[in-house]
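Residue numbers (the numbering used here): 323 to 739.
Listed below in structure tokens is the structure:
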């Protein structure tokens, strides 16, 4: 059985960042990923674009970067590969970016491997078992990071967690993104108000069953390509495989309704073609760790200063109604930012388990803000460096030096204020 300093579960933005940063600090690292590439929601669920990783406005002269460190390095690597300034995520290029940075770090990866079992001993996680095409494989490590998004590792280890909102445990809706090419984008922009009204008419007639209140579309992924983040699956549990199986099929059915609608609603889609549907439904919220500290929406709104801040954010508290109606927003001003403490990454039950990404220890409201991919990358960086400090100092995730962690994050160009 192979033994590593660190095992990271999940290869999304949080997990790949954790693995790269820890390997660069000298740790032997294995990353376990159930799909065949890095990027998580970006790669498998077609989530686009990156939500704001900055605050302010360049035209007003108050623009500032909120997510630095490994995430900023990824952006610069995309610039290097494309030969142009990073103004928008190019998802397929970004996959190559993640491959290159990961390989350079010296970390190891096992793709197409799914967590099956977690073995613990006292206050430590000892071993993980993964299911592969060759059967199960066992791996041991001194430290573990759960970056699965759904909290699969901490769930299998028996940690306390929250699911959805407190009143009924319903999570934010799941969404299958899709893309259409051959769209007359300029015409779509002109006609969008009328298309939105027609969408509501189709809903009233029962010709569109998607409960989302409007069409959410994004441009910038390529000439004539429209990215749609509009399907909405409600009242199903993202951690229940039977529910998720139903969700995958129903979301694709909604895609079919929407494609038909666009063809009928606007001449902008006269020559349009459905070119891609996410292979995996996008999950906004599922399990959330109950760690050493549960970060709340009020903490974000009051911009509480934490001595153990390891990442900051400015993205809104953006809650898609679990019952299927509208979307609520709490926006932060350009000169405001909230802080995320290290304690919200720490499993209280085990002294060698950290969590990174959207399943850290938060409430329903706080998770709605910190869940975006750039912030997840920053949380991954913090977790990876924390594991390296604990390993080198002979301490653990509960007792490591916070001042040393924060200084090392600053050394690696993380932004903490």
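Ideal placement from N, C-alpha and C gives every residue a C-beta, glycine not left out.
- In the DSSP annotation of this structure, the continuous segment of the alpha helix (DSSP H) that includes residue 507 starts and ends at 507-527.
- Sequence-distant partners of residue 518 (beyond 5 residues in either direction) whose C-beta falls short of 8 Å from its own C-beta, in its chain, are 536, 537.
- Ranked by Cα distance from residue 683, the options 614, 342, 594, 345 are led by 614.
- Looking at the backbone, the Cα of residue 441 and that of residue 713 are separated by about 20 Å.
- Between residue 334 and residue 679 the beta-carbon gap is near 6 Å, inside 8 Å, which marks them as a contact.
- Membership of residue 443 in any alpha helix (DSSP H) is not indicated; the residue belongs instead to the beta strand (DSSP E) covering 436-443.
- Its chain contains 328, 351, 706, 709, 710 as the residues whose beta carbon lies nearer than 6 Å to that of residue 344, once the 5 sequence neighbours on both sides are disregarded; these appear in chain order.
- Scanning 356, 374, 718 for the CA closest to the CA of residue 695 turns up 374.
- Counting only runs that start and end inside the segment 658-701, the beta strand (DSSP E) elements of at least 3 residues fall at 660-663, 675-677.
- Residue 674 is classed as buried because its beta carbon has at least 16 other beta carbons within 10 Å across all chains shown.
- DSSP, reduced to helix, strand and coil, places residue 460 within a strand of the structure shown.
- Each residue's CA atom was taken as its position, placing residue 621 and residue 491 some 21 Å apart.
- The continuous alpha helix (DSSP H) containing residue 582 extends over residues 563-587.
- In the DSSP assignment, residue 598 falls within the beta strand (DSSP E) that extends over 595-599.
- Residue 641 is not a Cβ neighbour of residue 623, given a cutoff of 9 Å.
- Scanning 393, 357, 586, 522 for the CA closest to the CA of residue 453 turns up 357.
- Annotated as distal: residue 633 and residue 505, with beta-carbon spacing of 9 Å or more.
- In this structure the segment 597-604 lies against the segment 564-584, because at least three pairs of beta carbons, one per stretch, are closer than 8 Å.
- The Cβ-Cβ distance between residue 576 and residue 561 does not fall below 9 Å.
- Judged by DSSP in its simplified three-state form, residue 538 adopts coil rather than helix or strand.
- Shown here for residue 665: same chain residues with a beta carbon closer than 7 Å to its own, the five before and five after excluded, namely 613, 614, 615, 630 in chain order.
- Comparing alpha-carbon positions, the option among 437, 611, 658, 700 lying closest to residue 459 turns out to be 437.
- Residue 382 and residue 433 have their C-alpha atoms roughly 45 Å apart.
- If you ignore the 5 residues before and after residue 688, its C-beta comes within less than 6 Å of the C-beta of 617, 618, 619, 622, all in its own chain and listed in chain order.
- Spanning the alpha carbons of residue 596 and residue 531 requires a straight line of approximately 19 Å.
- The residue among 700, 729, 486 with its C-alpha nearest the C-alpha of residue 686 is 486.
- Contact between the segment 463-475 and the segment 382-398 is not established, with fewer than three Cβ pairs separated by less than 8 Å.
- Across the set 528, 549, 444, 516, the C-alpha of 444 shows the shortest separation from the C-alpha of residue 672.
- In the structure shown, residue 373 falls within a coil segment according to DSSP collapsed to helix, strand and coil.
- DSSP places residue 591 in the helix class (H, G or I) of the three-state scheme.
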